[in-house]
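Asks: The structure under discussion is supplied below as C-alpha cells; questions concerning it will follow.
Residue numbers (my numbering): 14 to 138.
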C-alpha cells in the first residue's frame, strides 16, 4: 500500500467525523424504523456506503491501493465518535440510542467490506 500523506490523513479524519455525524442524524430521524425494520434499514444503507467510499476516494485522492487503509482510518474515527456519543451523549441518537448506534456500527463494518471489495476490483483491472 502506498503511504497516506499528512493531507490525506487530515481529510480522512474529517470525513470520518462528517460521515459519523451525518449517520447519527439520520439514525436519530429514523429511530423507530431502525427498531421495527432493522434488516431493511441495514439493506438500505448499502448504496450510501458505496457512495461514501467512492466520495472518500475522490476527495482524499486515494490510489486503489490506499482505499482499504484510508477507509479504515475514516471508519476508525467514526467508530470512536460513536462509542463516545453512545457512552456520554446518548440523547444525540434520539429515542432509540442503541438501535441507532448498532446501525452505525453495522455501517462501519459493512463499509470496510465494501472498501476491500472496491480495492480488489481495482486490482483486477
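A virtual CB, placed ideally from N, CA and C, is assigned to each residue, including glycine. All values derive from a computational prediction rather than experimental measurement.
1. Please determine, among 81, 106, 90 and 67, the residue with the shortest C-alpha to C-alpha distance to residue 132.
2. On a Cα-Cα basis, can you pick out the residue from 14, 121, 97 and 104 that is closest to residue 36?
3. Near residue 72, which residues of its chain fall below 7 Å by C-beta distance, leaving aside the five closest residues on each side in sequence?
4. Nearest to residue 77 by alpha carbon, out of 31, 62, 107 and 128?
5. Pull up the CB-CB distance for residue 89 and residue 17, whole angstroms please, since I reckon it's below 8 Å.
Replies: Taking the geometry as given:
1. For the purposes of this step, residue 132 is taken as residue 119 along the chain shown, with counting starting at 1. Here the closest residue by C-alpha is 81.
2. For the purposes of this step, residue 36 is taken as the residue at position 23 of the chain shown. With distances taken between Cα atoms, residue 36 lies closest to 121.
3. One-based indexing of the chain shown puts residue 72 at position 59. For residue 72, where only same-chain residues beyond five positions count, the Cβ hits under 7 Å are 24 and 28.
4. Mapped onto the chain shown, residue 77 falls at position 64. Checking every option, the nearest Cα to that of residue 77 belongs to 128.
5. Along the chain shown, one-based indexing puts residue 89 at 76. Along the chain shown, one-based indexing puts residue 17 at 4. In fact, because the Cβ distance is near 13 Å, the residues do not count as touching under 8 Å.
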